[in-house]
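Colleague: Starting off with a structure, shown below.
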Amino acid sequence: TSAPLTSIANIGQHEGATVTLRGWLYNLRSSGKLLFPTFRDGTGTIQGIVPKAAVPEEVFNTLKELQLESSVVVTGKVRADSRAPSGYELDVENVKVQQAVSADEPFPITLKEHGPDFLMERRHLWMRTPRQSAILRVRATIMRAAQEFFDTQDFTRTDPPILTPAACEGTSELFEMKYFEEGNAYLTQSGQLYIEATALALGKVYSFGPTFRAEKSKTRRHLTEFWMIEPEVAYADLDDLMKLAEDFLSHIVMRVLEKHRIDLKTITGGDEKAAKLEKIQAPFPKISYDEAHAMLEKAFAEGAIEKPHEYGDDFGAPDETYISNQFDRPVMVHRYPAVVKAFYMQPDPADPTKALCVDVLAPEGYGEIIGGSQRIDSYDLLKERILSHDLPLEAFEWYLDLRKYGSVPHSGFGMGIERCVAWVCGLEHVRETIPFARTLNRIYP
Ligand code: 4AD
Ligand code: MG
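Each position in the sequence shown, counted from 1, maps to that position plus 4 in UniProt numbering.
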């Protein structure tokens with residue numbers, strides 16, 4: 005009982021010593037007088053060895069009958085084993101059961117395959133499995149690395165409101181709610197308009213928080229509630245922004261590789277993902293919309309894609325997949341036609357039908373993970389755009405003020421954390437990238 009408490013992640017520091025672990029029984033195999041329980045504690049999993057002769061009889065018998073996911077406090081001696089995923093095994097000396105799961109109602113998530121609906125309905129339990137826990141650990145590192153990148157480059161974090169009076173990214177995807185006598189409020193789609201204000205106050209700023217979109221699309225990339233980190237920089241142009249985005253993504257991937265090699269293996273089943281991530285270093289390839297369109301035209305002519313890309317249209321998911329598959333790093337596609345992009349984007353002086361914007365497409369068909377642009381800095385042009393997009397002028401008076409008082413060129417982007425996690429972890433669907441995903445058909449649990 006005096007054995008020091010440790011975690012599975014740190015168990016290597018205690019090789020040869022007896023330690024205490026507090027966790028849960030993840031799996032149990034037995035062969036006669038030997039039990040092989042696998043324990044998990046939130047930091048990883050470790051296999052224990054329990055020879056009948058080595059522990060009190062009562063401990064052996066209790067463990068033998070113990071249901072999976074019962075909570076346990078285990079003491080045992082740490083032994084290095086190169087075959088074990090964590091590099092260590094535990095020679096169990098004692099097990100204290102904190103709470104025994106009833107055999108009448110065993111843990112519903114088993115090692116066999118379950119369908120996504122079954123799992124999402126039990127998300128509160130599914131997240132205990134090693135793969136799901138590993139994804140959530142990588143997510144936490146991505147969020148920390150993203151903030152760290154800006155914090156260490158003199159950005160000030162300025163979080164915008166969640167309840168807003170108007171749309172940022174287009175009116176069709178707004179969640180609307182009653183707001184006292186004022187009338188209606190909307191859940192924010194992006195903090196951008198507000199951090200344009202804080203950028204003109206503080207120079208380099210970022211925001212980080214949940215954003216909401218009433219997406220009717222049921223795809224593997226869309227959530228209705230997701231986390232976005234958004235930098236905004238006064239005096240920055242599109243080239244500065246693209247440089248910021250490639251340095252930012254390289255930093256995030258570096259941190260994940262530093263900390264999560266075992267987790268990446270747990271998640272993907274091999275080392276190939278880590279090898280691909282090693283290549284994610286700035287600079288990234290940069291192509292214009294026109295160049296991307298030409299690539300797609302050629303691909304269609306060669307039969308590499310099924311549908312032709314119509315010049316002037318946004319790229320569809322198969323188009324993005326094709327483009328991103330031509331590169332081993334994220335590709336930055338810039339200068340889209342202004343008509344397919346948001347109202348606030350600065351036109352390209354060389355061709356005003358194009359916007360000074362950039363979408364960063366992740367490799368391996370993960371699609372857009374970052375969207376950003378230089379912002380319109382002229383009062384007159386911005387007002388014209390607000391009107392031509394049928395947006396309520398009153399709600400944007402304050403936003404127009406920013407072009408009245410010391411307007412400057414400025415640029416920013418937004419990265420959806422879940423899209424980034426899906427790419428870095430090589431996941432099929434964004435629903436696995438967040439503790440409790442919100443989608444068109446699900447707000448339970
Ligand atoms: O491209 P979007 O719509 O850009 C903006 O919201 C800008 N106001 C950001 C800015 O310039 N400050 O969204 C930015 C990113 C996307 O690239 C994607 O990663 C993510 O947000 N995103 C979603 N992630 C999950 N589910 C959804 N429904 C998403 N919609 C956008
Ligand atoms: Mg976008």
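Built from N, CA and C at the ideal position, the CB exists for glycine as well. Quantities reported herein were computed from a predicted structural model and do not represent experimental measurements.
Straight-line CA distance for T437 to T223?
Modeller: Cα-Cα distance, rounded: 14 angstroms.
Colleague: Tell whether a beta-carbon distance below 8 angstroms holds between F230 and I447.
Modeller: Result no, Cβ atoms of F230 and I447 do not sit closer than 8 angstroms.
Colleague: Evaluate contact between the stretch 193–201 and the stretch 245–253, counting only Cβ atoms and requiring at least three cross-stretch pairs below 8 angstroms.
Modeller: The answer is no - the stretch 245–253 does not touch the stretch 193–201, with fewer than three Cβ pairs under 8 angstroms.
Colleague: For C361, write down the residues that DSSP places opposite it in a beta bridge.
Modeller: S377.
Colleague: Tell me, please, which residues DSSP counts as bridged to N31.
Modeller: Paired residue(s): T42.
Colleague: So what's R407 in DSSP terms, helix, strand or just coil?
Modeller: Correct three-state label for R407: coil.
Colleague: Count the other CB atoms, across all protein chains shown, that sit within 10 Å of the CB of T114; report buried if there are 16 or more and exposed otherwise.
Modeller: Exposed, because fewer than 16 other Cβ atoms sit within 10 Å of the Cβ of T114.
Colleague: Is M124 near the ligand 4AD - that is, is its Cβ less than 7 angstroms away from at least one heavy atom of it?
Modeller: M124 Cβ: outside cutoff for every heavy atom of the ligand 4AD.
Colleague: DSSP three-state call for residue 462: helix, strand or coil?
Modeller: An answer regarding residue 462 cannot be provided, because it is not within the stretch 5 to 449 covered by the chain.
Colleague: Any idea if R87 is buried or exposed, counting beta-carbon neighbours within 10 angstroms, 16 or more meaning buried?
Modeller: R87 comes out exposed.
Colleague: Any heavy atom of the ligand MG within a distance shorter than 7 angstroms of the CB on E310?
Modeller: No - the ligand MG has no heavy atom lying nearer than 7 angstroms to the Cβ of E310.
Colleague: Taking 7 angstroms as the line, does the beta carbon of I284 fall inside it for any heavy atom of the ligand 4AD?
Modeller: No, the beta carbon of I284 sits no closer than 7 angstroms to any heavy atom of the ligand 4AD.
Colleague: Taking DSSP as the reference, what is the three-state secondary structure of F212?
Modeller: Strand at F212.
Colleague: Just checking: is the beta-carbon of M258 within a distance shorter than 8 angstroms of some beta-carbon in chain D?
Modeller: Here there is only one protein chain, and chain D is not present.
Colleague: Does the beta carbon of Q196 fall short of 7 angstroms from some heavy atom of the ligand 4AD?
Modeller: Yes, the Cβ of Q196 comes within 7 angstroms of a heavy atom of the ligand 4AD.
Colleague: Going by Cα to Cα distance, which pick from Q151, V23, G16 and E314 is closest to P8?
Modeller: Closest by alpha carbon: V23.
Colleague: When you compare only the Cα positions, how much space is there between P413 and E236?
Modeller: Roughly 11 angstroms separates the two Cα atoms.
Colleague: Is the closest heavy atom of the ligand MG to the C-beta of D275 under 7 angstroms?
Modeller: Answer for D275: no, Cβ out of range of the ligand MG.
Colleague: At a cut-off of 7 angstroms, would you count D317 as near the ligand MG, judging by its Cβ distance to the nearest heavy atom?
Modeller: Outside the cutoff, so no.
Colleague: Using the beta-carbon count (16 or more within 10 Å), is A171 buried or exposed?
Modeller: Buried.
Colleague: With a threshold of 16 other CB atoms inside 10 Å of the CB of Q330, please say whether the residue is buried or exposed.
Modeller: Q330 comes out exposed.
Colleague: Any chance you could list the residues with Cβ under 7 angstroms from a heavy atom of the ligand MG, keeping chain order?
Modeller: Qualifying residues, in the order they occur: D363, E372 and G375.
Colleague: Give the DSSP-derived three-state secondary structure of E19 in the structure shown.
Modeller: Reduced to three states, the DSSP call for E19 is coil.
Colleague: Can you tell me whether D108 is helix, strand or coil according to DSSP?
Modeller: Reduced to three states, the DSSP call for D108 is coil.
Colleague: Going by DSSP in three states, S292 sits in which element: helix, strand or coil?
Modeller: Residue state, collapsed to three classes: strand.
Colleague: From T443, F184, P449 and G418, pick the residue whose C-alpha is nearest to that of I199; which is it?
Modeller: Selected option, being the one with the closest Cα: G418.
Colleague: Looking only at DSSP bridge pairs, what is V428 linked to?
Modeller: DSSP, once it has assigned bridges, lists no residue as partnering V428.
Colleague: So, using beta-carbon positions, are D332 and P367 closer together than 8 angstroms?
Modeller: For D332 and P367, yes; Cβs fall inside 8 angstroms.
Colleague: Pull up the distance between the alpha-carbon of G376 and that of V209, whole angstroms please.
Modeller: Computed Cα separation, rounded: 15 angstroms.
Colleague: Taking only the alpha-carbon atoms, compute the straight-line gap between T145 and R44 and give it to the nearest angstrom.
Modeller: Answer to the nearest angstrom: the Cα atoms are 20 angstroms apart.
Colleague: Cα separation between R135 and T270?
Modeller: Those two C-alpha atoms are separated by around 6 angstroms.
Colleague: Got a sec? Which residues, its chain only, sit under 7 angstroms from V142 by beta carbon, not counting five neighbours each side?
Modeller: Once the five neighbours on either side are set aside, the close Cβ partners of V142 are V260, H264, D267, V425, V428 and C429.
Colleague: Can you give me the C-alpha to C-alpha distance between P322 and S106, rounded to a whole angstrom?
Modeller: Near 48 angstroms, if we compare the C-alpha coordinates of S106 and P322.
Colleague: Report back the beta-carbon spacing between K220 and L72 to the nearest angstrom; my notes put them in contact at under 8 angstroms.
Modeller: Between L72 and K220 the Cβ distance is about 39 angstroms, and since that is not below 8 angstroms, they are no contact.
Colleague: Can the beta-carbon of F64 be found closer than 8 angstroms to that of V54?
Modeller: Yes, they are a contact pair.
Colleague: With a threshold of 7 angstroms, establish whether the CB of C429 neighbours any heavy atom of the ligand 4AD.
Modeller: Incorrect: C429 has no Cβ contact closer than 7 angstroms to the ligand 4AD.
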